[in-house]
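**Q** Number 12 in the UniProt record's numbering belongs to position 12 of the sequence shown; there are no gaps in the numbering. Here it is: the structure, laid out below.
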Amino acid sequence: MALLGKEKIIPQRSEVWAHFTKIINSEGASKTKCNYCEKEFYCDMKKYGTGSLKYHISSYLIKKHVGKG
1 MALLGKEKII PQRSEVWAHF TKIINSEGAS KTKCNYCEKE FYCDMKKYGT GSLKYHISSY
61 LIKKHVGKG
C-alpha cells in the first residue's frame with residue numbers, strides 16, 4: 001500500500017507488486033527491486049508506470065522456465 005499525504009492509504013492495483021519491493025536509493029529516488037534477480041527499476045508510477053515491470057517479470061519467468069527444460 002502507498003501513503004498519500006498524511007492520512008489516506010492507497011492499495012497497489014497492479015499484480016506486479018507481488019514480485020517487487022519498493023526501495024529509496026541513496027540519492028532519494030524511488031526505485032523498485034525484483035524479488036527474484038534483484039534488478040532495480042525506477043518506480044515513480046506517474047512517470048514510468050508498471051509496464052516495464054510486467055515485461056521484466058514475464059520475460060524472467062519464461063527464461064527461468066525454458067532454462068529448466
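Glycine is no exception: its CB is placed at the ideal position from the N, C-alpha and C atoms.
The beta strand (DSSP E) that contains K22, what's its start and end?
**A** Stepping through the sequence shown from its first residue, residue 22 is reached at position 22. Run containing K22: F20 to I24, per the beta strand (DSSP E) assignment.
**Q** Can you have a look at H65 and say buried or exposed, based on whether 16 or more other CB atoms are within 10 angstroms of its CB?
**A** Here residue 65 is taken as the residue at index 65 of the sequence shown, counted from 1. The Cβ neighbour count for H65, taken over all protein chains shown within 10 Å, is under 16; the residue is labelled exposed.
**Q** Considering only their Cβ atoms, is the gap separating K54 from C43 smaller than 8 angstroms?
**A** As a position in the sequence shown, residue 43 is number 43, starting the count at 1. As a position in the sequence shown, residue 54 is number 54, starting the count at 1. Contact check for C43 against K54 fails: the beta carbons are separated by 8 angstroms or more.
**Q** Taking its Cβ as the centre, do 16 or more other Cβ atoms sit within 10 Å of I62, making it buried, or is it exposed?
**A** Along the sequence shown, one-based indexing puts residue 62 at 62. By the neighbour-count rule (16 or more Cβ atoms within 10 Å), I62 is not buried but exposed.
**Q** So E27 and K33 are in contact, right, with Cβ under 8 angstroms, and what is the actual spacing, rounded?
**A** Sequence index remark: in the sequence shown, residue 27 carries index 27 (1-based). Sequence index remark: in the sequence shown, residue 33 carries index 33 (1-based). Taking 8 angstroms as the upper bound for CB-CB distance, E27 and K33 are not in contact here, some 15 angstroms apart.
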